[in-house]
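A short worksheet on the structure shown next.
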Amino acid sequence: MSVHSKILNLISLESKTAIVTGAASGIGSSVARRLAEAGANIALLDIDEQRGPKVEKEIQQLGAKAKFYACDVSLYSDCESVIDGVSKEFGNLDILVNNAGVISRKDIVELSEEEWDHVLRINLKSVYQLSHSVIPRMVQNGGGSIVNIGSGWGIKGGPKAIAYCASKGGVVNLTRAMAIDHGKQGIRVNCVCPGDVHTALLEREAAQMHQDFDSFLVEAADRPIPRVGSPEDVANAVLFLACELSSWVTGSVFVVDGGGLA
Ligand SMILES: NC(=O)c1ccc[n+]([C@@H]2O[C@H](COP(=O)([O-])OP(=O)(O)OC[C@H]3O[C@@H](n4cnc5c(N)ncnc54)[C@H](O)[C@@H]3O)[C@@H](O)[C@H]2O)c1
Numbered sequence: 043m044s045v046h047s048k049i050l051n052l053i054s055l056e057s058k059t060a061i062v063t064g065a066a067s068g069i070g071s072s073v074a075r076r077l078a079e080a081g082a083n084i085a086l087l088d089i090d091e092q093r094g095p096k097v098e099k100e101i102q103q104l105g106a107k108a109k110f111y112a113c114d115v116s117l118y119s120d121c122e123s124v125i126d127g128v129s130k131e132f133g134n135l136d137i138l139v140n141n142a143g144v145i146s147r148k149d150i151v152e153l154s155e156e157e158w159d160h161v162l163r164i165n166l167k168s169v170y171q172l173s174h175s176v177i178p179r180m181v182q183n184g185g186g187s188i189v190n191i192g193s194g195w196g197i198k199g200g201p202k203a204i205a206y207c208a209s210k211g212g213v214v215n216l217t218r219a220m221a222i223d224h225g226k227q228g229i230r231v232n233c234v235c236p237g238d239v240h241t242a243l244l245e246r247e248a249a250q251m252h253q254d255f256d257s258f259l260v261e262a263a264d265r266p267i268p269r270v271g272s273p274e275d276v277a278n279a280v281l282f283l284a285c286e287l288s289s290w291v292t293g294s295v296f297v298v299d300g301g302g303l304a
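Put into structure tokens, the structure is as follows:
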């Protein structure tokens with residue numbers, strides 16, 4: 043075997059099934075595409091029933107098996123029944139990317155209890171819900187890889203984003219705890235913490251801060267590698283953690299932010 047094909051084998055996800063949440067937009071759709079390019083079959087989960095089927099079609103056009111599932115990841119019942127359906131349709135479940143997320147740019151006095159619950163349920167509780175259903179199935183197949191999407195604000199704080207910072211801090215340490223519990227079962231659990239990435243979420247953030255998006259982008263680009271991230275920057279890190287190249291990596295927090303936190 044040539045060195046080149048050895049490397050390709052390590053990256054290949056052929057015959058693997060990946061579940062990606064928040065797959066209808068931004069980072070999630072890019073992750074779904076990149077994992078499909080590496081050979082995986084993809085279950086796309088999202089609450090957005092307009093964009094989800096479009097991403098499904100794009101991925102099918104890459105030659106991969108892909109199916110969109112309408113799923114509100116904040117609801118336990120949705121997560122359980124959708125994972126059941128994915129398992130029946132795709133067979134073995136090998137990769138879970140917990141990516142769906144929302145932000146609310148408010149401080150603790152401004153934020154209502156409903157808004158707190160909304161952010162925590164989507165960003166943090168969903169990771170529990172989906173992993174709770176998927177891990178027993180991964181154990182049956184002898185293992186798998188879970189990648190949770192955190193944030194730089196899961197490691198440091200940020201202004202007017204208390205629920206977001208709390209949820210992402212939770213995702214970072216939940217990742218470590220899950221990695222400890224499931225390593226012996228062949229399941230690796232890692233977290234990718236992006237900096238500012240050009241997506242709809244970033245546009246909503248600028249609007250919530252009553253800031254013009256262009257000036258928001260200029261500020262966001264102020265980092266050692268002076269640009270805002272692309273969804274593909276994050277998708278490449280997820281591919282590394284999903285494939286065999288990272289076979290001894292678990293419980294890690296992988297910062298992808300152009301050096302912003304540094
Ligand atoms: N964009 C950034 O700058 C940035 C930075 C750090 C971390 N992140 C994280 O990356 C992840 C993806 O964010 P993005 O920037 O691609 O945002 P995005 O808004 O483009 O995509 C988020 C997706 O999640 C889906 N979603 C929202 N609520 C849902 C629910 N209840 N059930 C199912 N799906 C739901 C949305 O429909 C959307 O398709 C999030 O967890 C976010 O916190 C983003």
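Sequence positions in the sequence shown follow my numbering and run 43 to 304. Don't be surprised by glycine CBs; every beta carbon is placed ideally from N, CA and C.
Comparing the CB of residue i with every heavy atom of ligand 1, is any distance shorter than 7 Å?
i	result
residue 67	yes
residue 201	no
residue 81	no
residue 154	no
residue 221	no
residue 123	no
residue 63	yes
residue 268	no
residue 145	yes
residue 236	yes
residue 70	yes
residue 242	yes
residue 297	no
Measure from the alpha carbon of residue i to the alpha carbon of each residue in the options, then state which is nearest.
i	options	result
residue 89	164, 151 and 258	164
residue 71	57, 53, 220 and 101	101
residue 128	145, 179 and 158	179
residue 79	63, 134 and 105	105
residue 242	286, 143 and 49	143
residue 191	235, 146, 66 and 137	235
residue 301	293, 280, 289 and 265	265
residue 92	83, 103, 119 and 64	64
residue 304	149, 197 and 256	197
residue 210	188, 111, 224 and 233	233
residue 60	108, 50, 52 and 69	108
residue 225	185, 262, 250 and 260	185
residue 111	98, 123, 220 and 87	87
residue 116	295, 81, 75 and 160	160
residue 147	166, 113, 202 and 130	202
residue 81	223, 284, 289 and 299	284
residue 287	176, 230 and 131	230
residue 167	137, 205 and 77	205
residue 294	238, 189, 151 and 248	189
residue 276	76, 289, 50 and 136	76
residue 228	193, 239, 290 and 212	290
Just reading off the beta strand (DSSP E) that residue i is part of, what are its end residues?
i	result
residue 52	It is not in any beta strand (DSSP E) - residue 52 instead sits in the alpha helix (DSSP H) that spans 45-53.
residue 138	137-140
residue 126	Run containing residue 126: none in the beta strand (DSSP E); it sits in the alpha helix (DSSP H), 118-132.
residue 304	Looking at the DSSP string, residue 304 is not in any beta strand (DSSP E), and its letter there is neither H nor E.
residue 84	83-88
residue 67	It is not in any beta strand (DSSP E) - residue 67 carries neither H nor E in the DSSP assignment.
residue 189	186-191
residue 108	108-112
For residue i, report the span of its alpha helix (DSSP H) as first-last.
i	result
residue 60	Unbroken run through residue 60 is the beta strand (DSSP E), 59-63; no alpha helix (DSSP H).
residue 97	94-103
residue 175	168-183
residue 91	That residue, residue 91, is in no alpha helix (DSSP H); it is neither H nor E in DSSP.
residue 155	155-162
Could you tell me which uninterrupted alpha helix (DSSP H) segments, each at least 4 residues in length, are contained entirely in the stretch 213-295, listed from first to last along the chain?
-> 242-250, 255-262 and 273-284
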